[in-house]
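Chemist: Pasting in a structure now, in structure tokens, and then I'll have a few things to ask.
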């Protein structure tokens, strides 16, 4: 079951990435999508992933169930699920641009034997992934577990030898099922409909929940270096009426000890020499340990793993019969494999999937997560929880690339676009795509009813004219369910030291009261040009978070900067 638990985060990531390049969806008929009939074999699964905010549509009314996923997308999903580790080896595939969002992922996947290239040396990142490739990739990622030979499919002979065990494993665990007529269709493309069913089957049949009857006594144990983990631990304990237990080193860490920038500091010495990580605690257990059914373990992430002062607590206690839930705090690193490494160290206990929080994690967010674990405790009700709209995020943007041809561009055209694998994206459009990739949010492009010219001089003159007239250009389409969103990213280029006038139309169209607005922009040297203050003036009842603006000269290499910024926002 350990491998299945590991895959939970993978499937969630799969679904989030499948939402890329979509617009905000609106309810249509029973399933919410006009192209998903209520009696379709995948209808319940689509309703499930939509209802849980895991998958969005490809337009405001369509799901596109027959659309496919690509090899590059799957590699990126698994790479993020592994915590986006540093990549020091692997194949540099000739058809994978160094700036592609999946570049590190393909090198990591090849280095770890998860996804290999084709015999001709290419990776084929844009190739649709087949069902047997999908099974093999997930199987390798899970550690190539043993699988008993199941029923023979009618097309068993068509399943490649490299995927045979993987298909047996996927079928045995209910991850990927066969099709009608007892066929597996190994060379068929994995569609969005199939991905929805895979997620629903996995989450409903294989997600382990703690079986706690008659109430549960909960302990929240934590080590905190800077106070961030302590704040999260206290909120969890308050929410679940749990006991709190701080892990305090006998030799406490000072600020100088924790200075990562000094190579001779204590944490750096301990990181370099594993023998120094045996940190003794003042108390390594609680007196009534046997009375606890559920134990939360909290820690900061140090170099991609749990801060080692928690090791003494793990090694000193027997977790047999207990439900164990790790959580961590980190500015940018994910939970990664820290929980699994602690589980291996403990050797006992029913370990569940954990959660990573940033230093800006809100109390309602922590409470909602703790309550969502469905532990049978005397949990407190979060009376100050945000409205349901705050559970959804929307990325909106306005962007005008001045060309769609990646070749022979003029200087002005080159300044307005980012070219990724031959695809031409507007600068702000590229930022929006990276933000969506990092958040799994819905996305909506602000388009004028009358298209703007792409000729640079004509566009510049029109922008100046609109600004002089304080114009409100009409928008082609509306976000039909704006009320559902609690957090809205709003992106735009800077034109004549201001937002394009169509952004004023956008703000005139919707009421952002109670929402959180996060601005982002691209510019030619003026920065934000005061536009966040302008937005706050237009929407005084909205909460403004710190935005990000990037020069057109730096946008091509700004992907990691954008992702780090999004992670710091804690949305």
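Numbering (mature numbering (1 follows the signal peptide of the UniProt record, and there is no 0)), first residue to last: -26 to -1, 1 to 545. All C-beta atoms in this analysis are idealised placements derived from N, C-alpha and C, irrespective of residue type, glycine included. Bear in mind the structure is a predicted one, so any value in this text is a computation, not a measurement.
Helix, strand or coil for residue 363, going by three-state DSSP, please let me know.
Modeler: Here residue 363 refers to the residue found at position 389 of the chain shown. Caution applies to residue 363, whose pLDDT of 36 falls short of 50 and renders its modelled position unreliable; the value that the coordinates give is listed next. Here residue 363 sits in helix by DSSP.
Chemist: Indicate whether residue 164 and residue 20 have their beta-carbon atoms separated by less than 8 Å.
Modeler: Counted from its first residue, the chain shown places residue 164 at position 190. Counted from its first residue, the chain shown places residue 20 at position 46. Against a cut-off of 8 Å, the Cβ pair of residue 20 and residue 164 comes out as no contact.
Chemist: Report all residues from its chain with a CB closer than 8 Å to the CB of residue 430; omit the five preceding and five following residues, and keep chain order.
Modeler: Position 456 of the chain shown, counted from the start, is the residue given in the question as residue 430. Excluding residues within five positions, the ones whose Cβ falls inside 8 Å are 376, 384, 386, 387 and 390.
Chemist: Check whether the region 260 to 273 touches the region 229 to 242, taking contact to mean three or more Cβ pairs, one atom from each stretch, closer than 8 Å.
Modeler: no
Chemist: So, for residue 422: in the same chain, excluding its five sequence neighbours on each side, which residues have a beta-carbon less than 6 Å away from its beta-carbon?
Modeler: Here residue 422 refers to the residue found at position 448 of the chain shown. Closer than 6 Å at the Cβ level, and outside the excluded window around residue 422, lie 447 and 476.
Chemist: Since residue 465 and residue 402 should fall inside the 8 Å C-beta cutoff, what is the C-beta to C-beta distance between them, to a whole number of angstroms?
Modeler: Stepping through the chain shown from its first residue, residue 465 is reached at position 491. Stepping through the chain shown from its first residue, residue 402 is reached at position 428. Indeed, because the Cβ distance is near 5 Å, the residues count as touching under 8 Å.
Chemist: Answer yes if the region 516 to 524 comes into contact with the region 474 to 492, meaning at least three C-beta pairs across the two stretches below 8 Å, and no otherwise.
Modeler: yes
Chemist: On the three-state DSSP scale, how would you describe residue 81?
Modeler: Taking the first residue of the chain shown as position 1, residue 81 is located at position 107. Helix at residue 81.
Chemist: DSSP state of residue 313, grouped into three classes?
Modeler: Along the chain shown, one-based indexing puts residue 313 at 339. Note: residue 313 maps to helix in three-state DSSP.
Chemist: Pull up the distance between the alpha-carbon of residue 529 and that of residue 438, whole angstroms please.
Modeler: Locating residue 529 in the chain shown gives position 555, where the first residue counts as 1. Locating residue 438 in the chain shown gives position 464, where the first residue counts as 1. Their Cα atoms are separated by approximately 24 Å.
Chemist: Of all the options 419, 207 and 222, which has the alpha carbon lying nearest to the alpha carbon of residue 215?
Modeler: Sequence index remark: in the chain shown, residue 215 carries index 241 (1-based). Cα-wise, what sits closest to residue 215 is 207.
Chemist: Please report the residue range of the beta strand (DSSP E) in which residue 330 lies.
Modeler: Translated into positions along the chain shown, residue 330 becomes position 356. Unbroken beta strand (DSSP E) run through residue 330: 329 to 331.
Chemist: By Cβ distance, which residues of its chain are closer than 7 Å to residue 10, with the 5 residues on each side in sequence left out?
Modeler: Here residue 10 is taken as the residue at index 36 of the chain shown, counted from 1. So the qualifying residues of the chain are 17, 20, 37 and 39.
Chemist: Would you mind working out which of 408, 372 and 299 sits nearest residue 449, comparing C-alpha positions?
Modeler: Numbered from 1 along the chain shown, position 475 holds the residue referred to as residue 449. Selected option, being the one with the closest Cα: 372.
Chemist: Just confirm the distance between the C-beta atoms of residue 144 and residue 199, as a whole number of angstroms; I'd bet it's less than 8 Å.
Modeler: Translated into the one-based positions of the chain shown, residue 144 becomes position 170. Translated into the one-based positions of the chain shown, residue 199 becomes position 225. 41 Å between Cβ atoms; not a contact.
Chemist: For residue 45, collect the residues of the same chain with a Cβ closer than 6 Å to its Cβ; drop the 5 residues on either side in sequence, then sort them by chain order.
Modeler: Locating residue 45 in the chain shown gives position 71, counting from the first residue. Correct list, in chain order: 98, 99, 101 and 103.
Chemist: Would you grab the beta carbon distance between residue 255 and residue 298 for me? Rounded to a whole angstrom, and I think it's under 8 Å.
Modeler: Along the chain shown, read from residue 1 onward, the residue named residue 255 stands at position 281. Along the chain shown, read from residue 1 onward, the residue named residue 298 stands at position 324. Contact doesn't hold; Cβ gap of about 18 Å is too wide.
Chemist: Where residue 303 and residue 433 are concerned, what is the direct C-alpha to C-alpha distance, given to the nearest angstrom?
Modeler: One-based indexing of the chain shown puts residue 303 at position 329. One-based indexing of the chain shown puts residue 433 at position 459. When rounded, the distance between both Cα atoms is 46 Å.
Chemist: Looking at the ligand FMN, does it come within less than 7 Å of residue 510, judged from the CB to the closest heavy atom?
Modeler: As for the ligand FMN, it is missing from this structure, which has no ligand bound.
Chemist: Please work out which residues of its chain come closer than 6 Å, Cβ to Cβ, to residue 13, disregarding the five sequence neighbours upstream and downstream, and give them in chain order.
Modeler: Counted from its first residue, the chain shown places residue 13 at position 39. Nothing listed; no residue qualifies.
Chemist: Which residue from 319, 312 and 317 puts its Cα closest to that of residue 329?
Modeler: Sequence index remark: in the chain shown, residue 329 carries index 355 (1-based). When only C-alpha atoms are compared, the closest one is 312.
Chemist: Taking the alpha carbon of residue 121 as the point to measure from, which residue in 127, 147 and 128 has its own alpha carbon closest?
Modeler: In the chain shown, residue 121 corresponds to position 147, counting from 1. The residue with the shortest Cα to Cα distance from residue 121 is 147.
Chemist: Compare the C-alpha of residue 70 against each of 152, 283, 159 and 90 and name the closest.
Modeler: Taking the first residue of the chain shown as 1, we reach residue 70 at position 96. Among 152, 283, 159 and 90, the Cα nearest to that of residue 70 is on 90.
Chemist: Note down, in chain order, each residue of its chain lying with its Cβ closer than 6 Å to the Cβ of residue 469, except the 5 sequence neighbours on either side.
Modeler: Indexing the chain shown from 1 puts residue 469 at position 495. Here the set comprises 437.
Chemist: Measure the C-alpha to C-alpha separation of residue 8 and residue 252 and round it to an integer number of angstroms.
Modeler: Here residue 8 is taken as the residue at index 34 of the chain shown, counted from 1. Here residue 252 is taken as the residue at index 278 of the chain shown, counted from 1. Whole-angstrom Cα-Cα distance: 59 Å.
Chemist: Report the rounded CA-to-CA distance for residue 540 versus residue 500, giving the unit in angstroms.
Modeler: For this step, residue 540 is matched to residue 566 along the chain shown. For this step, residue 500 is matched to residue 526 along the chain shown. Going from the Cα of residue 540 to the Cα of residue 500 covers about 22 Å.
Chemist: Measure from the alpha carbon of residue 282 to the alpha carbon of each residue in 319, 398 and 544, then state which is nearest.
Modeler: Mapped onto the chain shown, residue 282 falls at position 308. Nearest of 319, 398 and 544 to residue 282, Cα basis: 319.
Chemist: Among 153, 460 and 288, which one has its Cα closest to the Cα of residue 197?
Modeler: Residue mapping note: residue 197 aligns to position 223 of the chain shown, counting from 1. Of the listed residues, the one whose Cα sits closest to residue 197 is 288.
Chemist: Would the beta-carbon of residue 370 fall within 8 Å of that of residue 463?
Modeler: Locating residue 370 in the chain shown gives position 396, counting from the first residue. Locating residue 463 in the chain shown gives position 489, counting from the first residue. Yes; because the gap between Cβ atoms is below 8 Å, this pair is in contact.
Chemist: What's the call for residue 185, buried or exposed, on a 16-neighbour Cβ count within 10 Å?
Modeler: Position 211 of the chain shown, counting from 1, holds the residue named residue 185. Because the pLDDT of residue 185 is 40, which lies under 50, any placement of that residue in the model is unreliable, and the question is left without a value.
Chemist: Taking the beta carbon of residue 406 as the centre, do at least 16 other beta carbons fall within 10 Å, making it buried, or is it exposed?
Modeler: Start at 1 with the first residue of the chain shown, and residue 406 comes out as number 432. Residue environment: residue 406 is assigned as buried (16 or more neighbouring CB atoms within 10 Å of its CB, all protein chains considered).
Chemist: What distance in whole Å lies between the Cβ atoms of residue 128 and residue 95, which are believed to be in contact at a cut-off of 8 Å?
Modeler: Here residue 95 is taken as the residue at index 121 of the chain shown, counted from 1. Here residue 128 is taken as the residue at index 154 of the chain shown, counted from 1. Not a contact, Cβ separation roughly 35 Å.
Chemist: In chain order, what residues of the same chain have a beta carbon less than 7 Å from the beta carbon of residue 532, not counting five sequence neighbours either side?
Modeler: The count along the chain shown starts at 1 and reaches residue 532 at position 558. 524, listed in sequence order.
Chemist: Give every residue of the same chain whose Cβ lies closer than 7 Å to the Cβ of residue 537, excluding the five residues on either side of it in the sequence, and list them in chain order.
Modeler: Within the chain shown, numbered from 1, the residue matching residue 537 stands at position 563. For residue 537, the CB contacts under 7 Å within the same chain, skipping 5 residues up- and downstream, are 408 and 412 in chain order.
Chemist: So, does the CB of residue 248 fall closer than 8 Å to a CB anywhere in chain D?
Modeler: Protein chains in the displayed structure number just one, and chain D is not present.
Chemist: Tell me the start and end of each unbroken beta strand (DSSP E) in the region 265 to 305 that is at least 3 residues and wholly inside, in chain order.
Modeler: The region 265 to 305 contains these whole beta strand (DSSP E) runs: 268 to 276 and 297 to 303.
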